[in-house]
Amino acid sequence: MSFFTFLRFGTAASVTGFFVCHYVYILELVGPSYRTMGAKVMDFFWVTGAAVMALLAYFIRDWRTLLLVASFPRFCFFLLWTSSSLVIECKPHITYTLESTDEISLASLYGSVRVLPESARWLVVNGQVEKAYNVLKNFAEKSAVSIDSESLKDSLAKCYHGEAESEANKIRHKPLDLLRTPRMRKRTLILWFNW
410 MSFFTFLRFG TAASVTGFFV CHYVYILELV GPSYRTMGAK VMDFFWVTGA AVMALLAYFI
470 RDWRTLLLVA SFPRFCFFLL WTSSSLVIEC KPHITYTLES TDEISLASLY GSVRVLPESA
530 RWLVVNGQVE KAYNVLKNFA EKSAVSIDSE SLKDSLAKCY HGEAESEANK IRHKPLDLLR
590 TPRMRKRTLI LWFNW
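Taking the working numbering, the leading residue of the sequence shown gets 410, the next gets one more, and so forth.
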């Protein structure tokens, strides 16, 4: 198996997770009234990348050269990451993509984990209220917005306790529940086929 095949397999295996995670991350960052627009704006980047890729393919006929040219922005991002002294503690499942098909996807994914802060909502749900407060405080400082620290801490604590109560009352489902009833089985099979 060639190195190219290995990299293409890695890109294909990870791209589905990219599409799901970037929506969730964006929706957690914006307010409820902007969520639809925020999710759709992400699609504009993908469409723009696809159009630029088609334009590049028209002018660059050799596929090896085309892949190198398409990978160059991601490679620059990777170099920026390795030379950066900014380290923000994050978990590896937070992703952000510069929607393009290239071979440095996994490296730049790892790089974006160091740059993007953890989702404040995820931190609150997992009981890390102080870290969530720090993330929101940093966003407020960068946006030049003044916040009341005590009311923000109280709100985050209330959110955590509300999430903990709803988590205790939540019904647990298993993967086989997707196939249990005929209606759910039909919907599941349609979604599997579409993906």
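C-beta: ideal position from N, C-alpha, C; glycine also. The model shown is predicted, which means the values in this text are computed figures rather than measured ones.
So does the segment 581-593 actually touch the segment 547-562, counting three or more Cβ pairs closer than 8 Å?
no
Note down the Cα distance separating Phe415 from Phe453, rounded to an integer number of angstroms.
In the sequence shown, residue 415 corresponds to position 6, counting from 1. In the sequence shown, residue 453 corresponds to position 44, counting from 1. Rounded to whole angstroms, Phe415 to Phe453 spans 29 Å at the Cα level.
Roughly how many angstroms lie between the CA atoms of Asn603 and Val424, to the nearest whole one?
By 1-based counting over the sequence shown, the position of residue 603 is 194. By 1-based counting over the sequence shown, the position of residue 424 is 15. Computed Cα separation, rounded: 15 Å.
At what residues does the alpha helix (DSSP H) containing Leu465 begin and finish?
Taking the sequence shown and counting its residues from 1, the one referred to as residue 465 is at position 56. In the DSSP assignment, Leu465 falls within the unbroken alpha helix (DSSP H) covering Arg444 to Phe468.
Going straight from the alpha carbon of Leu476 to that of Gly458, what length do you get?
Taking the sequence shown and counting its residues from 1, one reaches residue 476 at position 67. Taking the sequence shown and counting its residues from 1, one reaches residue 458 at position 49. Those two C-alpha atoms are separated by around 13 Å.
Return yes when the Cβ of Val456 is within less than 7 Å of the Cβ of Gly447, no when it is not.
Counting from one through the sequence shown, the residue named residue 447 turns up at place 38. Counting from one through the sequence shown, the residue named residue 456 turns up at place 47. Cβ distance not < 7 Å, so Gly447 and Val456 don't count as in contact.
Mind checking Glu512: buried by the 16 CB within 10 Å criterion, or exposed?
Walking along the sequence shown from the start, residue 512 turns up at place 103. At Glu512 the pLDDT is 38, less than 50, meaning the model places this residue with poor confidence and gives no usable figure here.
Please name the residue, chosen from Ile435, Phe428 and Thr420, that lies closest to Ala529 on a Cα-to-Cα basis.
Mapped onto the sequence shown, residue 529 falls at position 120. For Ala529, the nearest C-alpha among the options comes from Ile435.
For Glu544, count the other beta carbons within 10 Å of its own beta carbon; 16 or more makes it buried, fewer makes it exposed. Which is it?
Residue mapping note: residue 544 aligns to position 135 of the sequence shown, counting from 1. In the sequence under discussion, the amino acid at residue 544 is Val, which differs from the Glu named in the question. Buried, by the Cβ-count rule.
Could you check the C-alpha separation between Met451 and Cys430 for me, to the nearest Å?
The residue labelled residue 451 in the question sits at position 42 within the sequence shown. The residue labelled residue 430 in the question sits at position 21 within the sequence shown. So the alpha carbons of these two residues sit roughly 12 Å apart.
Could you pull the start and end residues of the alpha helix (DSSP H) that Glu539 belongs to?
What you label residue 539 is simply residue 130 of the sequence shown in a count that begins at 1. Residues Val538 to Lys551.
If we ignore side chains and look at the alpha-carbon of each, how far apart do Thr445 and Val433 end up?
Taking the first residue of the sequence shown as 1, we reach residue 445 at position 36. Taking the first residue of the sequence shown as 1, we reach residue 433 at position 24. Each residue's Cα considered, the two are about 12 Å apart.
Using the C-alpha atoms, what's the distance from Ser555 back to Pro441?
Within the sequence shown, residue 441 is the residue found at index 32, counting from 1. Within the sequence shown, residue 555 is the residue found at index 146, counting from 1. Roughly 20 Å separates the two Cα atoms.
Do Ala541 and Leu565 have their C-beta atoms closer together than 7 Å?
The sequence position of residue 541 within the sequence shown is 132, counting from 1. The sequence position of residue 565 within the sequence shown is 156, counting from 1. Against a cut-off of 7 Å, the Cβ pair of Leu565 and Ala541 comes out as a contact.
For Glu437, name the three-state secondary structure that DSSP assigns.
If you number the sequence shown from 1, residue 437 lands on position 28. DSSP places Glu437 in helix when its eight states are reduced to three.
Using the three-state DSSP reduction, which class does Lys579 fall into: helix, strand or coil?
Residue mapping note: residue 579 aligns to position 170 of the sequence shown, counting from 1. The answer is coil: DSSP assigns Lys579 none of H, G, I, E or B.
Out of Gly426, Lys546, Val533 and Val461, point me to the one whose CA is closest to Tyr569's CA.
By one-based count along the sequence shown, residue 569 stands at place 160. Comparing Cα positions, the closest option is Val533.
So what's Glu559 in DSSP terms, helix, strand or just coil?
Walking along the sequence shown from the start, residue 559 turns up at place 150. In the structure shown, Glu559 sits in a helix (DSSP, three-state: H, G or I).
Quick check on Trp601: does DSSP put it in helix, strand or coil?
Translated into the one-based positions of the sequence shown, residue 601 becomes position 192. Trp601: helix per DSSP, three-state reduction.
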